[in-house]
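Just so you know, the sequence shown maps onto residues 6 to 271 in this note's numbering.
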Amino acid sequence: MSDAPEGRPALFTRVTPEGSAAPAVRELAEEVPVAIEYNGIGYAVLMATPADVADLVLGFALAERLIGRDDAPFDVDAHATEQGIVARATLPQERTEALLSRVRHRASESSCGICGVENLEQAIRPLPPVTGRTLADKGAIFRALDELARHQPLNARTGAVHVAALAAADGSIRLAREDVGRHNAFDKLIGAMRRRGWQWDDGFALLSSRCSYELVEKAVLADCPLLATISAPTRLAAERAAGAGLPLAVLARPDAILLSGDWLES
């Protein structure tokens, strides 16, 4: 699949408070259904940007706990159809039971990721502790924020997509992935890192979104040592992060950042 999708131009009328009106052409971000199959089983359909699909499928498998932190990456066969994209992957044999268990639980779920689960224990499952620790300081987050826009070419053209970035301990951005969905963007980043054999290496993740509990869970399952987000966390997200030992840097803006956790005390 193409890793540099082109948006489609659309004609609008641009109006101003003063009452002027003029034609305006705007590039619109692509959003297509991606049907994911693991071991021949239809598992999920995600609405996503049609780029870096293999990264998405790998990162999503980790977020769904179909594979573990230390499992090797797998190949993904993705092809376009008239309706969207079909992506197929084969999980290791020892992960079959985990796959079948999740398929049973997902049978009545909706796209929100939590609606339809059979009980609260399935919705809010225990998280493993974060084992790494970032060496980044406050300045590194500000430097990453300053650099982030340069890693959002699709958003620069469309204004409609999120980005998830891997920042080094000094704040330089090593890798980034864009998608119309904030969850997809983070899954793509995590999948891309695993496919390259990269670790967090004392760095952190920077996301152009709010800090939801799902994003906290993805960060913890990927053993991310620090999660920075442009907007605020929900209370559940903050509680889940604290319980797993994941430090947060939220409402990350050029003039100030809110920090949680004791990572700056070391």
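Each residue gets a CB set at the ideal place from its N, CA and C atoms; glycine is no exception.
Once you ignore the five residues that flank residue i on each side, which residues in its own chain have a CB closer than 8 Å to its CB?
i	result
T239	R215, C216, S217, Y218
I262	K143, I146, F147, A233, A254, V255, L256
P259	F147, L150, D151
E226	Per the sequence shown, residue 226 should be read as Leu rather than Glu. Same-chain partners within the cutoff: L67, A68, R70, R74, L132, P133.
A161	A154
If I measure Cβ to Cβ from residue i and keep anything under 6 Å in the same chain, skipping five residues before and after, which residues do I get?
i	result
E152	I178
A246	V221, L253
D207	T139, L140, A174
L159	V166, E183
R19	A27, A29
A242	C216, S217, Y218, V221
I41	Y48, A49, V62, A92
L264	A254
For residue i, which of helix, strand or coil comes out of DSSP?
i	result
I178	strand
A227	coil
P38	strand
G64	helix
E114	Any answer about E114 is weak, because its pLDDT of 48 lies below 50 and its placement is not dependable; what the coordinates show is given next. Reduced to three states, the DSSP call for E114 is coil.
F147	helix
L220	helix
E23	coil
L104	helix
R31	strand
E183	strand
A161	helix
V2	Shown here, the chain extends from 6 to 271; a query on residue 2 therefore has no answer.
M6	The predicted model places M6 with a pLDDT of 48, which falls under 50 and marks its position as unreliable, so this point remains unresolved.
A5	It is not possible to answer for residue 5, since the shown part of the chain is limited to 6 through 271.
A261	strand
For the beta strand (DSSP E) that contains residue i, what are its first and last residues?
i	result
F209	209-212
D82	81-85
I46	46-53
R258	253-258
A233	232-234
I90	90-94
If you compare alpha carbons, which of the options is closest to residue i?
i	options	result
L140	G186, S106, P230	P230
E35	S25, G47, P14	P14
D175	L159, A94, L150, T101	L150
G250	P259, A224, I235, G73	A224
S236	Q88, Y43, L226, S213	S213
G47	G196, V91, F79	V91
A197	L180, P38, D75	L180
G73	G164, R100, L33, G89	R100
G186	P97, D82, L51, G45	L51
Q98	T21, G45, I195	G45
L33	T163, G137, L211	T163
Y43	R130, V135, G24, A83	A83
L94	A169, A59, A85, V37	The residue asked about is misnamed: residue 94 is Ala in this sequence, not Leu. Comparing Cα-Cα distances from A94 to each of A169, A59, A85, V37, the minimum goes to A59.
P55	D76, G248, L211, T86	T86
V37	D57, G24, P22, S25	D57
V170	W205, L211, A53	Before going further, note that residue 170 is Ala rather than Val in the sequence given. That would be L211, whose Cα lies nearest to the Cα of A170.
Which residue marks the beginning of the alpha helix (DSSP H) containing residue i, and which one marks its end?
i	result
H156	Segment: none, H156 is in no alpha helix (DSSP H) and carries neither H nor E.
D192	187-201
R245	240-249
Excluding sequence positions up to five away, which residues of its chain have a Cβ less than 7 Å from the Cβ of residue i?
i	result
L16	P28, V30
A103	R70, L71
G266	P252, L253
G89	V37, P38, V39, A40
Quick check: does the Cβ of residue i come within less than 6 Å of any heavy atom belonging to the ligand FAD?
i	result
V58	In the structure on display, the ligand FAD does not appear, and there are no ligands present to speak of.
query: Quick check: the segment 183-198 against the segment 57-72, are there 3 or more CB pairs under 8 Å?
result: yes
query: With a cut-off of 8 Å, do at least 3 Cβ pairs link the segment 99-112 to the segment 196-204?
result: no
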